[in-house]
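> Below: one structure in structure tokens.
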Amino acid sequence: MSIGTRLSVIGLFILALCTVPALFAQQTTQQSGQSTSPSVTTARLDGVVRDKDGGAIPGATVVLINAQTGVKAPARVTNASGAYSFAGLTPGLYKVTITLSGFKTVVIDVRLAAGTTTTIPSVLEVGMREEVVNVRAGSELVRTETPTAKAAGAPAAAPVAAPAAAGGGGRGGGAGTTIAGLSSSQSNITIDGVTRWTGRLDAVEEVALRSGETYSRFQPNTFNATIDRPLSTFGADVDTASYSNIRRFLSNGQLPPSEAVRVEELVNYFRFAYASPRDGQPIALTTEIGDCPWAPSHKLVLIGARAAAPVTREITGRNIVLLIDVSGSMAPPERLPLIKTALGLFADTLRPDDTLAIVTYAGSSGIVLNPTPARYRDSIQRAIASLNAGGSTNGGEGLVLAYRTARQAFKRGGVNRVILATDGDFNVGVTSQQDLLNLIEHERESGVFLSVFGVGTGNLKDRTMEMLADRGNGNYAYLDSLQEARRVLIKEGDATLEAVAKDVKFQVEFNPAIVYAWKLIGYENRALAARDFNNDRKDAGEMGAGHTVTVLYEVIPEGIDRPTDDRAGDRPEVDPLRYQQQPERSVVRPVVRPNAAAATGEWLTVKARYKLPESDTSDLMTKAVRLGGQPQHLPLAAAVAEFGLLLRDDPRNIDRWTALSRRLDRLSIPAGLASDVDGFKELVATASGLARIR
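Taken in order, the sequence shown gives residues 348 to 1041; the numbers are from my numbering.
Below, the structure written as structure tokens:
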């Protein structure tokens, strides 16, 4: 290189140092679109934020400051893969600060070189944000790469994550790592920061997010042509865990991962005032048909089921066994301390002749309190106060002992229930999900039901707890606060404890003369084969006293074109041709030959099967549904469902968030739901705000 050329390069470098603000502006512009590889005079910083186990951490705030000039770049928020990126930076020394509620703040000093991409794999540790971990980026932490040449406007390569530590979930993680009960011969694979694994039956369709939290992975329901699939069959679901779990994410300034959003649990959090059962029936059905807010040419069908409220009757009492996880992971304030406070309040609501027992498990299980009449409140409160966390988690052994204790104190004709409170992290003894499910299915034959209360953040095993409650003839709630614990255990205690119907199933038959296509909103984890509806050996959902279940279908009336992709909006299947006449589309549709019933104007028929708590034979109820009447419950149910659909499928659709907020402002609030609706509006506002800044 000649001396003149060298002087020119030095001059350009000095000019770059004098134009830091402009470079940050350039950086902001690149961030809003497709960023490119760094030029020879600028640098790029990519980062991936993980927890100590290698799980991706989304929602962390990353602030970048030039240590030489003090200029601060616009903050970044890590995406679902835990990644972030800054482009167009002036070479030099920078300070990176990473913060997230519930984790220690990390401060990293890093030097960026011209024409290179520097990648920082950061690790957040659980703790208070006020605790600061200072890191000086060295050769073992930072990898710099020379960017490949790209044509102008070409998208940059995705940030490259550094290999995870041994035992963590890096890209292409190898065999030998044990997660969620997998043997050492299983393989773990991380894709875009999400750990997925295959192998045994109990690990199928499970996804791990954040700091080891695990959720069921499912495919959202799609439209079905009525002429091809006239029947929809599924089990009832009264779980509400997804709603309070999503509230926890939003309260921490994060949009929830899509796998955590189960739309039916959001809707079922609201106890709609459906008509009460009559003539001694344990449940009653309510139906409505109305407009679909997000698809004006479609309709929504609401099916509401309400269980009988608690009645004054001779009852041999309640036999409750509290199964409390006291392992080391339960030590934080939002886990065992929260559970102890809630159980102390719950114990004071029991009737004098009810019995309460406490079983704990950690490395091993034991009985803290033998079945004790509730009138001995001092003994019960002392037993609750004595609970302390420590050790590993032998949940399987605890379940066996809890069921044995409940059977020994069994009250025929009464309420017999185990209440499990845990973060779901079973890591000793019976750890396989399939083995745990087999255990629960065997124990439920004794007539003892199971409720599961999930607590904690960071390693919540949502999938395990949901499945245990489903198989144990019970319900699953997530306790994100003491207020939620009081709601589940005290305000709705009868619904939580006293079952009025079990193995509740629904089967809906649509009329092809009126309904061209239909889609069930939610209930993906509750789907049943059509033949399972009449099979009394097939397990389904439980409904407690006063419980409500809400089911929503989006339907396309006959005469409306069915979308080829229900997520594509108004997008055509193929764009119009530019250079020749568009050929006429030949659409071959099956000919509907309605019978007499199809000509009655009925849109659909709802059938429900249920068993009384101590029966093995189901009863049947049927209701035909026609258009007519002003929907009373549908507007709120539709708003809650759209909230879930947006979070799960389209969280960045600002227009839909705005439309939902406006509709909520005009909503007529159903009786008795004012406080719940106010809280829901706050969640919508928070989610909408987070969607705008991400």
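All residues carry an ideal CB built from backbone N, CA and C; glycine is no exception.
1) Take residue 892 as the anchor and find which of 973, 653, 752, 977 has the nearest alpha-carbon.
2) Taking the Cβ atom as the reference point for each residue, do residue 612 and residue 980 lie within a distance shorter than 8 Å?
3) To the nearest angstrom, report how far apart residue 419 and residue 441 are at their CA atoms.
4) Under the rule that 16 or more other beta-carbon atoms within 10 Å means buried, what is residue 1026, buried or exposed?
5) Taking all protein chains shown into account, do 16 or more other C-beta atoms lie within 10 angstroms of the C-beta of residue 718, making it buried, or fewer, making it exposed?
6) Is it buried or exposed, residue 1002, if we count other Cβ atoms within 10 angstroms and call 16 or more buried?
7) For residue 840, tell me which candidate among 849, 882, 804, 764 has the shortest Cα-Cα distance.
8) Find the nearest neighbour of residue 992 within the set 642, 959, 973, 904, judged by alpha-carbon distance.
9) Which stretch, first to last residue, makes up the alpha helix (DSSP H) that contains residue 687?
10) Would you kindly work out how many angstroms separate the C-alpha atoms of residue 452 and residue 411, rounded to a whole number?
11) Does the structure place the segment 815-830 close enough to the segment 559-573 that three or more beta carbon pairs sit under 8 Å?
12) Which partner residues does residue 901 have in the DSSP bridge list?
13) Contact between the segment 828-839 and the segment 673-689: three or more CB pairs below 8 Å?
14) If you draw a straight line from the C-alpha of residue 537 to the C-alpha of residue 562, how long is it?
15) Please report how far the alpha carbon of residue 745 lies from the alpha carbon of residue 976, in whole angstroms.
16) Could you tell me which of 482, 435, 1016, 445 sits nearest to residue 457, measuring between CA atoms?
17) To the nearest angstrom, how far is it from the Cα of residue 724 to the Cα of residue 665?
18) Quick test of your reading: residue 905 and residue 863, contact by CB under 8 Å. State the CB separation rounded to the nearest angstrom.
19) Report the rounded CA-to-CA distance for residue 823 versus residue 413, giving the unit in angstroms.
20) Comparing C-alpha positions only, which one of 768, 644, 751 sits nearest to residue 676?
21) Apart from the five residues on each side of it in sequence, which residues of its chain come closer than 7 Å, Cβ to Cβ, to residue 1023?
22) Hey, residue 445 and residue 407: beta-carbon distance below 8 Å or not?
23) Pull the bridge partners of residue 954 from the DSSP assignment, please.
24) Between which two residues does the beta strand (DSSP E) holding residue 890 run?
25) Let me know if residue 842 comes out buried or exposed under the rule of 16 or more other beta-carbons within 10 Å of its beta-carbon.
26) Indicate whether at least one CB of chain B lies closer than 8 Å to the CB of residue 979.
27) Grab me the residues of residue 825's own chain with a C-beta within less than 6 Å of its C-beta, minus the 5 sequence neighbours each way, in chain order.
28) Can you give me the C-alpha to C-alpha distance between residue 679 and residue 803, rounded to a whole angstrom?
29) Could you tell me whether the Cβ atoms of residue 860 and residue 945 are closer together than 8 Å?
30) Cα separation between residue 1042 and residue 875?
31) Which same chain residues, not among the five before or five after residue 808, have their C-beta less than 7 Å away from its C-beta?
32) In its own chain, which residues sit with a C-beta less than 8 Å from the C-beta of residue 866, not counting the 5 before and 5 after it?
With the structure as the only source:
1) Scanning 973, 653, 752, 977 for the CA closest to the CA of residue 892 turns up 653.
2) no
3) The alpha-carbon atoms of residue 419 and residue 441 are separated by roughly 10 Å.
4) Per the 10 Å Cβ criterion, exposed.
5) buried
6) exposed
7) 764
8) Nearest C-alpha to residue 992: 642.
9) Counted as a single uninterrupted DSSP element, the alpha helix (DSSP H) harbouring residue 687 occupies residues 683-694.
10) Pairing residue 452 with residue 411, the inter-Cα distance amounts to about 14 Å.
11) no
12) Looking at the DSSP assignment, residue 901 forms a beta bridge with 647, 866.
13) Between the segment 828-839 and the segment 673-689 there are three or more C-beta pairs closer than 8 Å, enough to call the two in contact.
14) Unreliable placement is indicated for residue 537, whose pLDDT of 30 sits below 50; no coordinate value is reported for it.
15) 52 Å
16) Ranking 482, 435, 1016, 445 by Cα distance to residue 457 puts 482 first.
17) Approximately 15 Å between the Cα atoms of the pair.
18) That pair is a contact at about 5 Å.
19) Roughly 49 Å between the two C-alpha positions.
20) 768
21) 617
22) Closer than 8 Å, so yes.
23) Answer by DSSP bridge pairing, in chain order: 854, 969.
24) 888-891
25) buried
26) Included in the structure is just one protein chain, with no chain B present.
27) 588, 591, 592, 801
28) 8 Å
29) Yes. Within cutoff.
30) Because the chain spans 348 through 1041 in this model, residue 1042 falls outside it and cannot be assessed.
31) 561, 770, 771, 772
32) 568, 569, 570, 571, 900, 901, 902, 913
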